[in-house]
Amino acid sequence: MTQKGEPQLFTDYLAVMLVGLSAGFVILAHYLYRNPEPGERQAWASGFFATGLLGLLTSVPMIVIWPLPGAYNIAFGEPALYLSVAFIGAAITLAMKWDPLIPALYGFFGGLLAVVVGLRIANLGLTSAPALAATGYITAGLGGMLTLPAINWRSRRFFALAAAVLLGIAAVIFLFTGYEGAWGHLADFAKWVPGSMLRAPAAK
Numbered sequence: 316m317t318q319k320g321e322p323q324l325f326t327d328y329l330a331v332m333l334v335g336l337s338a339g340f341v342i343l344a345h346y347l348y349r350n351p352e353p354g355e356r357q358a359w360a361s362g363f364f365a366t367g368l369l370g371l372l373t374s375v376p377m378i379v380i381w382p383l384p385g386a387y388n389i390a391f392g393e394p395a396l397y398l399s400v401a402f403i404g405a406a407i408t409l410a411m412k413w414d415p416l417i418p419a420l421y422g423f424f425g426g427l428l429a430v431v432v433g434l435r436i437a438n439l440g441l442t443s444a445p446a447l448a449a450t451g452y453i454t455a456g457l458g459g460m461l462t463l464p465a466i467n468w469r470s471r472r473f474f475a476l477a478a479a480v481l482l483g484i485a486a487v488i489f490l491f492t493g494y495e496g497a498w499g500h501l502a503d504f505a506k507w508v509p510g511s512m513l514r515a516p517a518a519k
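Counting in my numbering, the sequence shown runs from 316 upward without gaps.
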């Protein structure tokens, strides 16, 4: 609820979602770059799990209650949900010392989804900076897709390094978007008053 005469504000958590997923991209890029041996892989499990958990906590409500205008709930919520589940799967796999090929295979299709969404964002001109948003989605998606050959052919470092670079680019773009959103939301809601306070009786 807003005060009379003030513009309607919507509540969203896109900033923390983007920052969390970007952190996950950085952790995945670091994992691919380091190319750890099977006995060393558990160290990355907590980072993947944290990324997936925060992604679930923000993407599921976004898909269910649609806090963003129009198609943005689909564009941001659905890829984030898929990637969050992939990160949690990767975390469990590493913690249990299983072969990470299967979560990488699952993540491949999430990466392809991100590429499709990025192309559609550019096609429809969504967001205030469609080219930048599309670049973020496409680089993240390609990095996710290249994770599969990087895991499958560990000795061929080209795939791992290419994926790490693409994920790094995506992380920079989404971190910029997320921190810019946090900066703007603080200003947008600086004078917002909850409805419960507006309805509270005046003190005598």
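Even for Gly, the Cβ is constructed at its ideal location relative to N, Cα and C. Predicted model, so just to flag it, every value in this text is computed and none were measured.
Classification of residue i by the beta-carbon crowding that lies within 10 angstroms, buried from 16 upward
i, result
"residue 471", "exposed"
"residue 417", "exposed"
"residue 475", "buried"
"residue 489", "buried"
"residue 504", "exposed"
"residue 511", "exposed"
"residue 473", "exposed"
"residue 390", "buried"
"residue 409", "buried"
"residue 436", "buried"
"residue 353", "exposed"
"residue 411", "exposed"
"residue 394", "buried"
"residue 398", "buried"
"residue 341", "buried"
"residue 499", "exposed"
"residue 432", "buried"
"residue 501", "exposed"
"residue 319", "Note that residue 319 has pLDDT 44, beneath the 50 cutoff, so the model's placement of it is unreliable and the number below is only indicative. Answer is exposed; the Cβ neighbour count stays below 16."
Residue i versus the options, residue with shortest Cα-Cα distance
i, options, result
"residue 533", "345, 494, 465 and 497", "In the structure as shown, the chain starts at 316 and stops at 519, and residue 533 therefore has no counterpart that could be examined."
"residue 361", "381, 493 and 343", "343"
"residue 450", "353, 335, 434 and 370", "434"
"residue 329", "484, 494, 465 and 502", "494"
"residue 439", "419, 387 and 383", "387"
"residue 351", "414, 333 and 327", "414"
"residue 468", "509, 347 and 385", "347"
"residue 452", "378, 481, 477 and 420", "481"
"residue 404", "432, 363, 379 and 385", "363"
"residue 368", "377, 419 and 335", "335"
"residue 339", "406, 464, 499 and 508", "406"
"residue 327", "341, 384 and 445", "384"
"residue 533", "421, 419 and 487", "No information on residue 533 is available, as it lies outside the stretch 316 to 519 that the chain covers here."
"residue 522", "356, 357 and 366", "As displayed, the chain neither begins before 316 nor continues past 519, which places residue 522 out of reach and without an answer."
Short Cβ contact (9 Å threshold) for residue i with residue j
i, j, result
"residue 454", "residue 485", "yes"
"residue 401", "residue 459", "yes"
"residue 333", "residue 492", "yes"
"residue 478", "residue 457", "yes"
"residue 284", "residue 419", "Look at the range of the chain in this structure, 316 to 519, and you will see that residue 284 is not part of it."
"residue 396", "residue 378", "yes"
Inter-stretch contact (C-beta, 8 Å, three-pair minimum) for the stretch 422-433 and the stretch 367-374:
Counting Cβ pairs under 8 Å, fewer than three are found: no touch.
What are the complete alpha helix (DSSP H) segments, minimum 4 residues, inside the stretch 460-512?
Counting only runs of 4 or more, we get 472-503.
Scan the stretch 406-445 and note each continuous beta strand (DSSP E) run of 3 residues or more that stays entirely inside, going in chain order.
Within the stretch 406-445, no run of beta strand (DSSP E) reaches 3 residues while sitting entirely inside it.
Whole alpha helix (DSSP H) elements within the stretch 319-380, 4-residue minimum
The qualifying runs are 329-349 and 360-380.
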